[in-house]
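Asks: What follows is a single structure, and I will ask about it in a moment.
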Amino acid sequence: MTISKFQEEAFASRFEEYTRTLDCIHCGLCIPHCPTHGVTGREADSPRGRIYLMRSYAETGERLSPDAEEHILQCIVCRACETVCPSGIHMGEMMESFREELNRLHRLKGPRYYLARFLLRRVLPYRERIAALSDLIYMYQRSGLRRLARSTLGRLSRRFAALDRLQPSMPEPFERRIETSRLRPEGYPALGKSRLRVGLFLGCITSEWFAPAHRATIRVLQRNGCDVFLPDAQTCCGALHRHAGFLDDAEGLYRRNADVFSKSGVDVVVVNAAGCGAALKEPPRSLPQGLGVPVRDVCELLDEIGLVPPGVSIARRVAY
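With our numbering applied, the sequence shown covers 1273 to 1592.
Quick look at the structure:
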């Protein structure tokens, strides 16, 4: 079908990323790399199928059916399709923009929507609230409540059983309480000669559920000549907000982090979670300068500055 410039502008007025959907050449190279298509085997759960759904919305002006919206929402925005796309389609940006459109026009109703909005807006941006939630989960896991829930609800609901299995083991409270600049303004000094002033990005869930990874990152950076600082006012990176289509919220969180780190006096911001790294390296269009400080994955930084040879060898095979 040939689309005139007038039609393209009209369709783009309904969905601003519409023009990008026209770049899809329907080759199908993305399909074997899509995890949701691998599970369901349905065309609508592939990147190509989702692009067709977004085009249909823009070209017809009609809202998608509940089933079609479900196909859009099932995308986990892993962006594996982007690495093999010969047309260079940015599926992640397209999906986030379309979900924002769904939120704005259709106001997806139901418990899942309201729970997601509550967690994204009222919990994740606040580390003290994440800490309180983590304490509750810790007590649930360590008490008999989890065994009771597994023996009752787990038998009645396959979804609950699956969600329960996905829970990471919550670290002990003393492991989760990492001292930030509020209690430790001097930071964590380098062992030996200082080479860099590094700001460690804590994130939201990672700051509690995977706190031992932060402690290990601090130790490695100190061993490699980095003074490590943990600005207390930093907040969630906004990746989950973007994936859910809450782009204004994501931009607000990015601005908060930019304000904190640009004034922190660090040479570089280090992340040890891939999702946070991707979100911080790809700023909103309104903030082309990003955080005002370079962002590096911890392994990326160590490669750049040169890894200090470890004192002992560890005979283990590891995956990163």
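Where is the CB? At the ideal position from N, CA and C, for every residue including glycine.
1) When the Cα of S1558 is compared with those of G1524, D1339 and G1475, which residue comes out closest?
2) Which residues mark the beginning and the end of the alpha helix (DSSP H) in which G1537 is found?
3) Contact between the region 1333 to 1347 and the region 1485 to 1497 is defined here as three or more beta-carbon pairs at a separation below 8 Å; is this criterion met?
4) With 16 as the cutoff for other CB atoms within 10 Å, does R1414 come out buried or exposed?
5) What residue does the beta strand (DSSP E) around V1500 start on, and which one ends it?
6) Here's a check: name, in chain order, each residue in its chain whose Cβ is nearer than 6 Å to the Cβ of M1367, leaving out the five neighbours to either side.
7) Contact defined as beta carbons within less than 8 Å: I believe C1353 pairs with P1397. What is the distance between those atoms, to the nearest angstrom?
8) For the beta strand (DSSP E) containing V1470, name the first residue and the last one.
9) Our contact map puts L1468 next to L1502 with C-beta atoms below 8 Å; I'd like the distance itself, whole angstroms only.
10) Taking R1568 as part of the alpha helix (DSSP H), name the residues at either end of that continuous run.
11) Can you tell me the Cα-Cα spacing of P1440 and I1477, whole angstroms?
12) Using C-beta distances below 7 Å, list every residue in its chain close to V1538, excluding the 5 sequence neighbours before and after it, in chain order.
13) I'd like the list of long-range same chain contacts for L1377, defined as Cβ closer than 6 Å, with 5 residues on each side in sequence excluded.
14) Does the structure place the region 1512 to 1528 close enough to the region 1545 to 1559 that three or more beta carbon pairs sit under 8 Å?
15) Could you tell me which uninterrupted alpha helix (DSSP H) segments, each at least 4 residues in length, are contained entirely in the region 1506 to 1531, listed from first to last along the chain?
16) In whole angstroms, give me the CA-to-CA distance for A1545 and D1569.
17) Per the DSSP calculation, Y1460 is bridged to which residue(s)?
18) If you compare alpha carbons, which of S1285, G1310, T1312 and H1305 is closest to T1332?
19) Going by DSSP, name the residue or residues bridged to V1492.
20) State the CB to CB distance for the pair V1567 and V1543, rounded to an integer number of angstroms; the pair is presumed to be in contact (CB under 8 Å).
21) Are E1372 and G1517 closer than 7 Å when you measure CB to CB?
Replies: In brief:
1) G1524
2) Note, G1537: premise wrong, no alpha helix (DSSP H); not H, not E.
3) no
4) exposed
5) C1498 to F1501
6) C1347 and V1349
7) Rounded, the Cβ-Cβ distance is 29 Å, inconsistent with contact.
8) L1468 to L1472
9) At roughly 15 Å, the Cβ-Cβ gap does not stay under 8 Å, so L1468 and L1502 are not in contact.
10) Not the alpha helix (DSSP H): R1568 falls in the beta strand (DSSP E), residues V1567 to D1569.
11) 11 Å
12) R1469, V1470, G1471, F1501 and V1565
13) none
14) yes
15) 1511 to 1515
16) 8 Å
17) V1500
18) S1285
19) Looking at the DSSP assignment, V1492 forms no beta bridge with any residue, so it has no partner.
20) 7 Å
21) yes
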